[in-house]
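Shown next, in structure tokens, is the structure this report addresses.
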Amino acid sequence: MTDKLTTNEGQPWADNNHSLTAGNRGPVLLQDYQLIEKLAQFNRERIPERVVHAKGAGAKGVFKLTRDMSDYTKADLFNGKGKETPMIIRFSEVAGEQGYPDTLRDVRGFSMKFYTNEGNYDIVGNNTPIFFVNDPLKFPDFIHSQKRDPATHLRSQDMQWDFWAHSPESLHQVTYLMGDRGNPASYANMNGYGSHTFKWVNADGKPCWIKYHFISEQGVKNMTEEQAEKTSMENTDYLIQDLYDRIKKGDYPKWKVCVQIIPYEEGLNYKYDIFDVTKTVSHKDYPLQEIGEFTLNENPANYFDDVEEAAFSPANMVPGVEPSMDKLLQGRLFAYKDAERYRLGANYEKLPINRPKNEVHNYSRDGFMSQGQNGDVNYAPNGENGPTEDPHAKIKPYKVDGEAGNYKTYDADPYSQVGALYNVYSDDEKDRLIETLKNTLGTVKSHENKVLETRMFYKADHDYGTRVAKALGLDMDEITKED
Ligand code: HEM
Numbered sequence: 000m001t002d003k004l005t006t007n008e009g010q011p012w013a014d015n016n017h018s019l020t021a022g023n024r025g026p027v028l029l030q031d032y033q034l035i036e037k038l039a040q041f042n043r044e045r046i047p048e049r050v051v052h053a054k055g056a057g058a059k060g061v062f063k064l065t066r067d068m069s070d071y072t073k074a075d076l077f078n079g080k081g082k083e084t085p086m087i088i089r090f091s092e093v094a095g096e097q098g099y100p101d102t103l104r105d106v107r108g109f110s111m112k113f114y115t116n117e118g119n120y121d122i123v124g125n126n127t128p129i130f131f132v133n134d135p136l137k138f139p140d141f142i143h144s145q146k147r148d149p150a151t152h153l154r155s156q157d158m159q160w161d162f163w164a165h166s167p168e169s170l171h172q173v174t175y176l177m178g179d180r181g182n183p184a185s186y187a188n189m190n191g192y193g194s195h196t197f198k199w200v201n202a203d204g205k206p207c208w209i210k211y212h213f214i215s216e217q218g219v220k221n222m223t224e225e226q227a228e229k230t231s232m233e234n235t236d237y238l239i240q241d242l243y244d245r246i247k248k249g250d251y252p253k254w255k256v257c258v259q260i261i262p263y264e265e266g267l268n269y270k271y272d273i274f275d276v277t278k279t280v281s282h283k284d285y286p287l288q289e290i291g292e293f294t295l296n297e298n299p300a301n302y303f304d305d306v307e308e309a310a311f312s313p314a315n316m317v318p319g320v321e322p323s324m325d326k327l328l329q330g331r332l333f334a335y336k337d338a339e340r341y342r343l344g345a346n347y348e349k350l351p352i353n354r355p356k357n358e359v360h361n362y363s364r365d366g367f368m369s370q371g372q373n374g375d376v377n378y379a380p381n382g383e384n385g386p387t388e389d390p391h392a393k394i395k396p397y398k399v400d401g402e403a404g405n406y407k408t409y410d411a412d413p414y415s416q417v418g419a420l421y422n423v424y425s426d427d428e429k430d431r432l433i434e435t436l437k438n439t440l441g442t443v444k445s446h447e448n449k450v451l452e453t454r455m456f457y458k459a460d461h462d463y464g465t466r467v468a469k470a471l472g473l474d475m476d477e478i479t480k481e482d
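All residue numbers for the sequence shown refer to numbering that gives the first Met the number 0, where the first residue is 0 and numbers rise by one.
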């Protein structure tokens, strides 16, 4: 038997097709409570989309630890071989809005929330191991250049390349983005990365540095530019649909979870700054170590509740995981929760998808849409047996020194890792990269920006810069002038 229609207050609802009118042809009556509620509720259906990564797909799954990591971290989810931790994931585009085609070239987001026994742990990464900028002050400017032109409301190659041409630290990520990884064949076919360096601390208080890698067991596969553009015209939601269909038919995607472990002191003195998120750490120096795998085995029951209202934050850490000194990460620790209070409201952490699986006890109270509160003591200190602090969660103290100032620490050598990446690409991939640069950078109006950017490609690798210059019809004398 089907359910009977009710109002939001549970009252039986007699007519959902005909408004209450004064007579057969008369005006609609203010008394029509059901009509007014229905229209008012409808007017409030939309909430602000995420300011970046607005369009995405989500799924639920489980993380299984296959190697006990208690020598390195006391984090519950990484202790006890075989332990399973429920999780959710959200994949996303960065620049486009919610209705934007999801196969067009972009970096892709890779956000995970683990519901551990000691609260939520989020890793909010991308499908590339690095990022465009390494100081949080530059993030809003970078994003403005990728979004729409304030005058025309059009996305603009001129703005994007204007920012990049004046930001040498972006060169590495630009070389990823313009390469094959800019067009993943599906979310299941991309690797994910925590990108930043994080700190792990074990039960004895011993710290080390960690970089996360999530390796697709479906293999990395990409679309060509032509396939991506054609797909975007045929199905603007291709990547969302692909993930949904895989899970629906039981073809559950899986990823290996690997870490690079960098001893604490070695990390501080490594040849590159391991806190600079525009740099990678060599796999030869610190090989990937497999510690587990996760499987996505459940589609969202309701997209809005399970994906749109999901709130990920790099600040969501658990005892045994701590931030590093990476400045971009430090900025992100603030940005996400602030964005989520604006986007979802002060009590967004109480929404079912964001609520930890363990119990929450503290002295925070009230606010819009608060729910599930009891009458327990709401101040501390108290003699009322209220919740007490847990010293197990104390951070590992670390030394800071120096004078406060606006330091330019990360500029050293933005080129050599880019040259190395270019030379990892196959001949075919190099051809596609040059073609993509011709079709993007090649269309910008500013000759100066074309030259500035190509000079940087040249500094990274002479063949790279020479081929771009040729594709763009630039004079090599202008490109090599500074060398
Ligand atoms: C989403 C800010 C750097 C990956 C967001 C959101 C904000 C933000 C405000 C929307 C959050 C929400 O409404 O729920 C920043 C700032 C950054 C930064 C200020 C630098 C200072 C990065 C980096 C990565 C990244 C380096 C990856 C390595 C993501 C992802 C999402 C996101 C994947 C989507 C989260 C989701 O699926 O809900 N970012 N971001 N961001 N950001 Fe960042």
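Glycine residues also receive a C-beta, built at the ideal position from the N, C-alpha and C atoms. Small disclaimer: the values here were computed from a predicted structure and weren't measured.
query: Burial state of R45 (16 or more Cβ within 10 Å); result: exposed
query: Whether E289 touches K247 by CB criterion (9 Å); result: no
query: N384 classed as buried or exposed, judged by whether at least 16 other C-beta atoms fall within 10 angstroms; result: exposed
query: Proximity of M177 and N126 at Cβ, strictly below 9 Å; result: no
query: 6 Å Cβ shell around A53 - same chain, five flanking residues per side excluded; result: E96, Q97
query: Nearest-angstrom beta carbon gap, Y341 and P313 [assumed within contact, 8 Å]; result: The Cβ separation is near 17 Å, so there is no contact.
query: At least three beta-carbon pairs within less than 8 Å, the region 124-138 to the region 323-334; result: yes
query: Heavy atom of the ligand HEM within 8 Å of S110 beta-carbon; result: yes
query: N-terminal and C-terminal residue of the alpha helix (DSSP H) that E289 is part of; result: Taken as a continuous stretch (DSSP letters only), E289 belongs to no alpha helix (DSSP H), being part of the beta strand (DSSP E) at 288-297.
query: CA nearest to the CA of P167, picked from D476, V417, N438; result: V417
query: Minimum C-alpha distance to N438 - residue among G124, E224, P396, P380; result: E224
query: Span of the beta strand (DSSP E), counted from its first residue to its last, around I35; result: From DSSP, I35 is part of no beta strand (DSSP E) but of the alpha helix (DSSP H) over 32-42.
query: Those residues which DSSP pairs with P322 across a bridge; result: DSSP, once it has assigned bridges, lists no residue as partnering P322.
query: Rounded straight-line distance, which links the Cα of H360 to that of Q372; result: 10 Å
query: Closest Cα partner of P100 within the set S18, A227, K458, A379; result: A227
query: Limits of the beta strand (DSSP E) - the one that L64 falls within; result: 55-64
query: 9 Å Cβ cutoff met for L440 and Q145; result: no
query: Contact check, V258 vs N133, beta carbons under 9 Å; result: no
query: First and last residue of the uninterrupted beta strand (DSSP E) at Q259; result: 253-262
query: Alpha helix (DSSP H) segment containing T516, residue limits; result: Not covered by the structure: residue 516. The range shown for the chain is 0 to 482.
query: Residues that DSSP places opposite F109 in a beta bridge; result: F90, G124
query: Close-in-space but distant-in-sequence residues of the same chain around Q217 (CB under 7 Å, 5 per side omitted); result: A187, N188, P252
query: Residue from T174, D375, T294, P149 with nearest C-alpha to T435; result: T174
query: Rounded straight-line distance, which links the Cα of N182 to that of L158; result: Correcting the residue type first, residue 158 is Met in the shown sequence and not Leu. Their Cα atoms are separated by approximately 21 Å.
query: E428 to E292 span [Cα, whole Å]; result: 29 Å
query: heavy atom of the ligand HEM below 8 Å from F113 C-beta; result: no
query: Straight-line Cα distance separating G22 from A39; result: 24 Å
query: Contact belief for W208 with Y120 at Cβ below 8 Å, rounded distance in angstroms; result: Actually they are not in contact, since the Cβ atoms of W208 and Y120 sit about 17 Å apart, beyond 8 Å.
query: E358: CB within 8 Å of a non-hydrogen atom of the ligand HEM; result: no
query: Alpha-carbon to alpha-carbon, P299 and K270; result: 44 Å
query: Y285 Cβ short of 8 Å to the ligand HEM heavy atom set; result: no
query: Meets three-Cβ-pair contact criterion under 8 Å: the region 196-206 and the region 64-77; result: yes
query: DSSP state of R354 mapped onto helix, strand, coil; result: coil
query: Any non-hydrogen atom of the ligand HEM within 8 Å of G25 CB; result: no
query: M316, buried or exposed, once every other Cβ within 10 Å from all chains shown has been counted against 16; result: buried
query: Whole-angstrom distance between R180 and R245, CA atom to CA atom; result: 21 Å
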